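Visitor: Here it is, the structure in full.
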Amino acid sequence: MTTDRPMTTDTPAAAGRTSAGPVLEIDGLTVDFRLDTGTVHAVRDVSLSLAQGETLAVVGESGSGKTATALSVLRLNPQPPAVYTGGRILFGGRDLLRVPDRDLGRIRGQDIAMVFQDPMTSLDPLRRVGVQVAEVLRHHQGLSRTDAHAAAVEALDEVGIPDPERRFRQYPHELSGGLRQRVMIAGALVGRPRVLIADEPTTALDVTVQRQILDLLVSLQQRHGMAVLLITHDLGVVAETADRVAVMHHGRVVETGDVLDVFHRPADDYTRQLLAATPRLELA
Ligand SMILES: Nc1ncnc2c1ncn2[C@@H]1O[C@H](COP(=O)(O)OP(=O)(O)OP(=O)(O)O)[C@@H](O)[C@H]1O
């Protein structure tokens with residue numbers, strides 16, 4: 001949730017707001033990690049498109065390249081060792097792999113937000129949680145301290161945090177894992193991004209809390225109409241939340257389509273194996 005850029009109303013992405021077509025398009029993305037021990041071809045010629053208001057889930061086993069793909073959207077893979085060796089990521093008419101850092105900083109958090117598995121790595125442990133949510137608004141929308149405070153309390157309330165005024169003043173360690181994830185979601189969505197990238201947002205949580213956070217994400221997505229790129233290894237989560245699914249294996253997308261089509265009639269062997277490994281999948 002850290003932001004280091006001043007607010008602007010004239011973002012490059014804002015210019016694309018009325019255009020038709022996908023809100024985000026990954027086209028032939030190729031990412032290598034160049035290590036002392038050799039090169040890892042983490043993402044190989046991946047193409048995905050995300051329409052306004054839809055949820056696209058990216059699934060696949062550990063190491064298949066899901067996170068590396070998601071992080072590429074905001075160029076967040078560590079460079080080095082990551083090298084973007086091919087492709088484009090189109091948003092608002094621009095290629096995010098090539099926009100200047102300054103422009104990317106504006107897009108990050110304001111137009112495209114991310115939620116990660118472990119809020120403790122994203123929240124600053126030494127600062128009050130509400131202040132961290134308010135900071136997004138101060139930086140990106142230029143709100144005064146008072147207005148940002150009020151909007152942050154409202155945002156905490158919207159994500160179902162009880163007694164948000166009191167919680168605003170607490171530090172991350174004073175909150176449960178579920179509440180911390182709600183704070184992260186509040187911080188991600190308070191700037192009303194067009195795209196939310198959620199990387200295993202519920203994996204670290206207890207099963208009942210997972211359910212609540214997923215329900216929250218679905219209801220916020222419906223209320224605000226944002227597009228969601230959901231990274232998960234959990235096909236049950238996909239069945240419950242996503243419109244479309246892309247299956248990744250060894251850095252490639254092996255299959256993509258509507259969730260029910262892919263789950264009922266998988267075209268790829270690897271997809272069949274994944275489904276077979278999830279016997280109690282409940283499909284509509
Ligand atoms: N910072 C890094 N340095 C070196 N190699 C990396 C780095 N990040 C990812 N990789 C490698 O890139 C490949 C893809 O990893 P990635 O994290 O994208 O997979 P994933 O599908 O998200 O897996 P998981 O579900 O375990 O997060 C793996 O071989 C991984 O070891």
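So for the sequence shown, the UniProt record's numbering puts the first residue at 1; every next one is plus one. Just so it is clear, CB atoms sit at the ideal spot from N, CA and C, and this is done for glycine as well. This one's a predicted model, so the numbers in the text were calculated from it and none came from an experiment.
1. Does the Cβ-Cβ distance between R138 and L104 come in under 8 Å?
2. Less than 7 Å between C-beta atoms, sequence neighbours within five positions excluded: which residues of the same chain meet that for L205?
3. With a threshold of 7 Å on Cβ separation, who are the neighbours of A276 within its own chain once the five nearest residues in sequence on each side are excluded?
4. So what's I107 in DSSP terms, helix, strand or just coil?
5. Spatial neighbours of D10 within its chain, please: CB distance less than 8 Å, with the 5 preceding and 5 following residues excluded, ordered by chain position.
6. The beta strand (DSSP E) that contains T30, what's its start and end?
7. Is the beta carbon of H233 within less than 7 Å of some heavy atom of ligand 1?
8. If you follow the beta strand (DSSP E) that T85 is in, where does it begin and where does it stop?
9. Leaving out five residues on either side along the sequence, give the residues of the same chain with a beta carbon under 6 Å from the beta carbon of S49.
10. Roughly how many whole angstroms lie between the Cα atoms of P241 and A198?
11. Within its chain, find whatever has a CB closer than 7 Å to the CB of A267; leave out the 5 residues flanking it on each side and keep chain order.
12. Name the residue from P172, H173, V183 and L229 whose alpha carbon lies nearest to the alpha carbon of E200.
13. Indicate whether the contact test is met: 3 or more Cβ pairs, each with one atom in the stretch 46-63 and one in the stretch 230-249, closer than 8 Å.
14. For M248, which beta-bridge partners are listed by DSSP?
15. Does S19 pass the burial test, meaning 16 or more other C-beta atoms within 10 Å, or should it be called exposed?
16. Should S62 be counted as a contact of ligand 1 given a C-beta to heavy atom distance under 7 Å?
17. Considering only residues of the stretch 192-239, which uninterrupted beta strand (DSSP E) runs meet the minimum length of 3 residues and lie entirely inside it, listed in chain order?
18. Which same chain residues end up closer than 7 Å to Q221 when comparing Cβ atoms and leaving out the 5 residues on each side of it in sequence?
19. Spell out the partners DSSP gives R94 in its beta bridges.
20. Determine the extent of the beta strand (DSSP E) in which A113 is found, giving its start and end residues.
21. Which residues does DSSP list as the beta-bridge partners of A57?
22. Buried or exposed, going by whether 16 or more other CB atoms sit within 10 Å of the CB of G130?
23. At a cut-off of 7 Å, is L35 close to ligand 1 when judged by its beta-carbon and the heavy atoms of the ligand?
Guide: In short:
1. Position 138 of the sequence shown, counting from 1, holds the residue named residue 138. Position 104 of the sequence shown, counting from 1, holds the residue named residue 104. The answer is no: Cβ separation not under 8 Å.
2. Counting from one through the sequence shown, the residue named residue 205 turns up at place 205. For L205, same chain residues with a beta-carbon under 7 Å away, outside a window of 5 residues either side, are G177, G178, Q181 and I213 in chain order.
3. Residue mapping note: residue 276 aligns to position 276 of the sequence shown, counting from 1. Nothing meets the Cβ criterion.
4. The sequence position of residue 107 within the sequence shown is 107, counting from 1. Helix, per DSSP.
5. Numbered from its first residue, the sequence shown carries residue 10 at position 10. Interpretation of D10 is limited by its pLDDT of 34, a score under 50 that renders its predicted location unreliable; no figure is taken from the coordinates.
6. Mapped onto the sequence shown, residue 30 falls at position 30. From DSSP, the beta strand (DSSP E) with T30 extends over L24 to L35.
7. Taking the sequence shown and counting its residues from 1, the one referred to as residue 233 is at position 233. Taking 7 Å as the cut-off, one finds at least one heavy atom of ligand 1 near enough to the beta carbon of H233.
8. Translated into the one-based positions of the sequence shown, residue 85 becomes position 85. Start and end: A82 to F91.
9. Here residue 49 is taken as the residue at index 49 of the sequence shown, counted from 1. Same-chain partners within the cutoff: P22 and E25.
10. One-based indexing of the sequence shown puts residue 241 at position 241. One-based indexing of the sequence shown puts residue 198 at position 198. Checking the sequence shown, residue 241 turns out to be Thr, not Pro. The alpha-carbon atoms of T241 and A198 are separated by roughly 12 Å.
11. As a first step, residue 267 is located in the sequence shown; it is residue number 267 there, counting from the start. The residues are E255.
12. In the sequence shown, the residue the question calls residue 200 occupies position 200. Relative to the Cα of E200, the nearest Cα in the group P172, H173, V183 and L229 belongs to L229.
13. Pairwise C-beta distances place the stretch 46-63 in contact with the stretch 230-249, as three or more of them are shorter than 8 Å.
14. Translated into positions along the sequence shown, residue 248 becomes position 248. V253, per the DSSP bridge assignment.
15. Taking the sequence shown and counting its residues from 1, the one referred to as residue 19 is at position 19. With a pLDDT of 43 at S19, under the threshold of 50, the modelled position of this residue cannot be trusted, and the question is left open.
16. Counting from one through the sequence shown, the residue named residue 62 turns up at place 62. At least one heavy atom of ligand 1 falls within 7 Å of the beta-carbon of S62.
17. DSSP runs (the beta strand (DSSP E)) wholly in the stretch 192-239: 195-199 and 227-231.
18. By one-based count along the sequence shown, residue 221 stands at place 221. Around Q221: T55 and V228.
19. Counting from 1 along the sequence shown, the entry for residue 94 is found at position 94. Partner(s): F91.
20. By one-based count along the sequence shown, residue 113 stands at place 113. Looking at the DSSP string, the run of the beta strand (DSSP E) that includes A113 is I112 to V115.
21. Here the question's residue 57 lines up with position 57 in the sequence shown. Partner(s): L230 and V245.
22. On the sequence shown, residue 130 is found 130 positions in, with the first residue counted as 1. Here G130 is buried, its C-beta having at least 16 other C-beta atoms within 10 Å.
23. Translated into the one-based positions of the sequence shown, residue 35 becomes position 35. For L35, the distance from the CB to the nearest heavy atom of ligand 1 is below 7 Å.
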